[in-house]
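Counting in my numbering, the sequence shown runs from 11 upward without gaps.
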Amino acid sequence: KEEDFEIIDKKQIPDAAELRNEEKAKPEEARWSAPILSLARKASENLALSYGSALKSASLVGLVPKPGSSDSPAKTSARCHTMEERANLMNMMKLSIKILIQSALSLGRTLDSDFPPLQQFFVVLEHCLKHGLKVKKTFIGQNKSFFGPLELVEKLCPEASDIATSVKNLPELKTAVGRGRAWLYLALMQKKLADYLKVLLDHKHLLSEFYEPDALMMEEEGAVIVGLLVGLNVIDANLCLKGEDLDSQVGVIDFSLYLKETQDTDGKQDGGITAVLDQKHYVEELNRHLSCTVADLQNKIDCLEKTNSKLQEELAAATDRIGSLQEEQQQLKQQNELIRERSEKSVEVTKEDTKVELDTYKQSRQGLDEMYSDVWKQLKEEKKIRLELEKELELQIGMKTEMEIAMKLLEKDTHEKQDTLVALRQQLEEVKAINLQMFHKSQNAECSLQQKTEAISSFEGKTNEMMSSMKQMEERLQQAEKARQAAEERCNKMKQELAGRLDSCRQQMAQLDSKCSTLEKELKSEKEQRQTLQKELHQEKDATALLKTELQQMEGLKKELRKLQDEKQQLKKVHEEQEQALQEMGLHLSQSKLKMEDIKEVNKALKGHTWLKDDEATHCKQCRKEFSISRRKHHCRNCGDIFCSTCSSNELALPSYPKPVRVCDNCHTLLLQQCSSNSS
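This is the structure in structure tokens:
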């Protein structure tokens, strides 16, 4: 229902008799429209036949209702309508493919995207692919594009992955319709459009997701269209996708292309003119290319001559420089030999002096080391003795302090015991006074004495106990006094012994101090000797440093000599390379002269080539086979002769064409030889 062309009804088509009567009635006015009417008559007859066959097939299948069927009239009319659409689309596809092939063969060159029959072919193919598409609902809205089923080809046929990736990478395409059109362009350029659509038709279970059951791609008409598309492999299409607005193009079928005049005289004249113009353009392109190549070769020869003169001048300068450098090298060699002799003599003298000084220094060093080791051993022994005496003194001082502490403790004990004795004596005096008072009271009160006899007896027991304790305390005092006397005797003895030991230690310390003073004097003398030896060592080090600097200077001179030798070798290499470059330049010059001669010969040979017309050739120039419908004519874009497809199956890039074009076998071999000679 949404197609952009009208569906022709059988009732609206006039009969042949009516058309003849109209022609007789108006012969003068209908002269110019006679070819249009004849073409319309043929189209109507074809459409009527296709419509009748479609109705027969529909009645056989069951789409058209039979007299006893129970389908509603609306369903039957819809089915008839879809069948008419499929038949009309298939007929339009046949016409567009036929006219495209005829126009391409008459032109005999590659087709561009501006070619009207090619544009109309894509419009008709787009209508065929859109027929019966299911509407997919998305978040944005309804989507109905034929790019969805074309994307399945990438999964089914891995060769189509390049087309899919290139279509997706085009930034100008923003809609699915534009991507689908670009996909069809690329598939036609690859000459695999029929193969890709055949793969889709082989997997109809996948196409059922995108198309209705009665769509053109789901019926037999789709297979017929794929078979017709195989004939397009004869055409070479050169379509540029950049700069074209494929998203907003309106796909309307132009029927004026399919209405042609019966008399093709003007067409033949135009074809002859176009062939002459093509031949003229071809010759002009060849001449321009040859003039450009000649100018490039002349420029190259001039450049080579200039570089040759420059290299000769550089060679002369390099030879002069090599001579001056050789003279400088000889002078430097003489100076180097003199410096080497002087340095060797000075090095030998310094070596002998250093050997003698080293021997004397080693001998003196050995004697000093022995003296120093003996003195150091004596010092260590005296230090050990001194440490032992100090330890003994510390022990004796500790014993003395312990004895003093013990004496103080004994004095404290005796003082405490005396205090207790005084307290006990006071208690005894008080008891005696109490006893006297009690005795007086007993005399005064005999009654109380009788009552308190028991108390007195108890007091007498206590007094007895106190007396016994007093006796014990007196015995302890006597023992403490004896111990005190013994301790005092021991302390006196220890003091005498300590005084004797201190005197002996003081005498030893005095002896050690005298020895230390003598050793310090000896050490001072040794230090002075050592300082003198160190000064001598510093002097010797300075002398050795001077010798080292002289040796470094010698090494620097040796390095300079090596650098000069390396420079000499490099200059020799440069000289040899320049000689080789001159030889190569001579070879290049000879080769360029040979190329110039070859180009002149080719130019002479090409001047004789002409663009043959299609009518002039009936046989292939190489295999001499006769041309027919199956064996078609093909022009060689280099020599202009006509060959069959097997003899002109090669393609090469020529200067007059931007892309590789068809070339015969002889021209292919000649051009390859020229390319190989140019590259070498």
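Heads up, the beta-carbon is just placed ideally off N, CA and C, and yes, glycines get one too. Note that the structure is a prediction, hence the values are computed from the model and not measured.
Comparing alpha carbon positions, the residue from Q259, L194, G237 closest to A247 is L194. Looking from the CA of A493, the closest CA among T424, L581, V262, L682 belongs to T424.
Looking at L128, S176, L256, S123, the one whose alpha-carbon comes closest to that of K184 is L256. The region 525-545 makes contact with the region 369-384; the number of CB pairs closer than 8 Å reaches 3 or more.
Distance from the Cα of K635 is smallest, within the candidate group C657, C649, C646, for C657. Three or more Cβ pairs closer than 8 Å define a contact, and the region 331-343 falls short of that threshold against the region 521-528. DSSP places R672 in no alpha helix (DSSP H) but in the uninterrupted beta strand (DSSP E) bounded by 671-673.
Going by DSSP, N101 is part of the alpha helix (DSSP H) stretching over 83-117. L567 is not bridged by DSSP to any residue.
In this structure, DSSP gives A247 an extended state, which the three-state scheme calls strand.
Separation of G566 and E560 (C-alpha to C-alpha, rounded to the nearest whole angstrom) is 10 Å. Runs of the beta strand (DSSP E) lying entirely within the region 168-200 and spanning at least 3 residues: none are present.
Between V177 and A192, the C-beta gap is smaller than 8 Å, which places the two residues in contact. With contacts defined by Cβ atoms closer than 8 Å, Q130 and I235 do not form a contacting pair.
For N660, DSSP records a beta bridge to V673. Taking one beta carbon from each stretch, the region 223-243 and the region 203-213 have 3 or more pairs nearer than 8 Å; the two touch. Taken through DSSP and simplified to helix, strand or coil, H585 comes out as helix. A Cβ-Cβ distance of about 6 Å is found for the pair E222 and K144, placing them in contact under the 8 Å criterion. The three-state secondary structure of Y667, taken from DSSP, is coil.
The residues Q339, in chain order, have a CB closer than 6 Å to that of L574 in the same chain once the five nearest residues on each side in sequence are set aside. Non-local C-beta neighbours of A114 in its own chain, meaning closer than 7 Å and more than five positions away in sequence, comprise L121, I245, ordered along the chain. Scanning the region 333-364 for uninterrupted alpha helix (DSSP H) segments of 4 residues or longer gives nothing; none is fully contained. Per DSSP, reduced to three states, the secondary structure at H644 is strand.
For H629, the number of other beta carbons within 10 angstroms of its own is below 16, and it is reported as exposed. Cβ atoms of F156 and G188 stay farther apart than 8 Å, at about 12 Å.
For P159, the enclosing alpha helix (DSSP H) starts and ends at 157-166. As the crow flies, the alpha-carbon of D651 is around 17 Å from that of S638.
Boundaries of the alpha helix (DSSP H) harbouring H137: 126-140, taken from the DSSP string.
The residue from Q488, K631, C677, L307 with its alpha-carbon nearest to that of K603 is L307.
Assigned with DSSP and collapsed to three states, I652 falls in strand. Excluding sequence positions up to five before and after M480, its CB lies within less than 7 Å of the CB of L434, all in the same chain and listed in chain order. Here the C-alpha atom of M228 lies approximately 10 Å from the C-alpha atom of L139.
Counting along the chain, the unbroken alpha helix (DSSP H) around I235 starts and ends at 230-239. L143 carries a strand assignment under DSSP once its states are collapsed to helix, strand and coil. A distance below 8 Å separates the beta carbons of L239 and A204. Just so you know, the alpha carbons of S655 and R641 end up roughly 7 Å apart.
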